[in-house]
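Each residue of the sequence shown is one higher than the one before, starting from 1 at the first, in UniProt numbering. Think of the CB as a built atom: it goes at the ideal place given N, C-alpha and C, for glycine as much as any other residue.
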Amino acid sequence: MYSHMMVGSNDIDRSKKFYDATFKAIGGREGIVDEKGRLIYLHNGGAFLVTKPIDGEPATAGNGCTVGIGMTPEQADAWHAAGVAAGGTAIEDPPGVRGEGTPNAMYLAYLRDPDGNKLCALHRMG
1 MYSHMMVGSN DIDRSKKFYD ATFKAIGGRE GIVDEKGRLI YLHNGGAFLV
51 TKPIDGEPAT AGNGCTVGIG MTPEQADAWH AAGVAAGGTA IEDPPGVRGE
101 GTPNAMYLAY LRDPDGNKLC ALHRMG
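1) Given that a residue counts as buried once 16 or more other Cβ atoms are within 10 Å of its Cβ, and exposed if not, what is residue 2?
2) Can you tell me which of 19, 26 and 44 puts its alpha carbon nearest to the alpha carbon of residue 33?
3) What first and last residue would you give for the alpha helix (DSSP H) that runs through residue 83?
4) Check residue 21 in the structure and name its three-state DSSP category.
5) Is DSSP giving residue 69 helix, strand or coil here?
6) At the level of alpha carbons, what is the spacing between residue 37 and residue 14?
7) Assuming contact is defined by CB atoms lying nearer than 8 angstroms, are residue 40 and residue 46 in contact in what I supplied?
8) Considering residue 40, what are the terminal residues of the beta strand (DSSP E) in which it resides?
9) Hey, how far is the Cα of residue 58 from the Cα of residue 8?
10) Note down, in chain order, each residue of its chain lying with its Cβ closer than 8 angstroms to the Cβ of residue 4, except the 5 sequence neighbours on either side.
11) Between the alpha carbons of residue 109 and residue 101, how many angstroms are there, rounded?
Rendered as structure tokens:
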């Protein structure tokens, strides 16, 4: 059912540096910028886009919104490190297992991109 996710940015070049680093850290490709100035990443039939808001107002992070990206624990660690090195901010607990010993255990890592959008690397342990 998933088709795409789009987040706003006030600086597409800065976002490209951040997202290229995080996606390349997990084996992805650099994003492309289309004729409308949107930054686009494609993988397995899904799309992740970064754009300046169409209404011309400043981009703001959605309060309560999180973009989750599935990956292995090793990829999550590489993704997190690449994101911090490329201008993101580590948030919440350090990358690691949450709910260890339970059927719902997950490996999680959280970042905010340079515009404040909340991102989560997730691997279900069970």
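On the basis of the supplied data:
1) The residue labelled residue 2 in the question sits at position 2 within the sequence shown. Classification of residue 2: exposed, given that the 10 Å Cβ count is below 16.
2) The residue you call residue 33 lines up with position 33 of the sequence shown. Closest option to residue 33, Cα to Cα, is 19.
3) What you label residue 83 is simply residue 83 of the sequence shown in a count that begins at 1. Run containing residue 83: 73–85, per the alpha helix (DSSP H) assignment.
4) Against the sequence shown, residue 21 aligns to sequence position 21. The answer is helix: DSSP assigns residue 21 an H, G or I state.
5) Counting from 1 along the sequence shown, the entry for residue 69 is found at position 69. Three-state result, residue 69: strand.
6) Counted from its first residue, the sequence shown places residue 37 at position 37. Counted from its first residue, the sequence shown places residue 14 at position 14. Cα to Cα, residue 37 sits roughly 13 angstroms from residue 14.
7) As a first step, residue 40 is located in the sequence shown; it is residue number 40 there, counting from the start. As a first step, residue 46 is located in the sequence shown; it is residue number 46 there, counting from the start. Cβ atoms of residue 40 and residue 46: not closer than 8 angstroms.
8) For this step, residue 40 is matched to residue 40 along the sequence shown. Start and end: 39–43.
9) Counting from one through the sequence shown, the residue named residue 58 turns up at place 58. Counting from one through the sequence shown, the residue named residue 8 turns up at place 8. One C-alpha to the other measures close to 8 angstroms.
10) Along the sequence shown, read from residue 1 onward, the residue named residue 4 stands at position 4. Correct list, in chain order: 46, 47, 48 and 49.
11) Position 109 of the sequence shown holds residue 109. Position 101 of the sequence shown holds residue 101. Cα to Cα, the separation comes out at about 18 angstroms.
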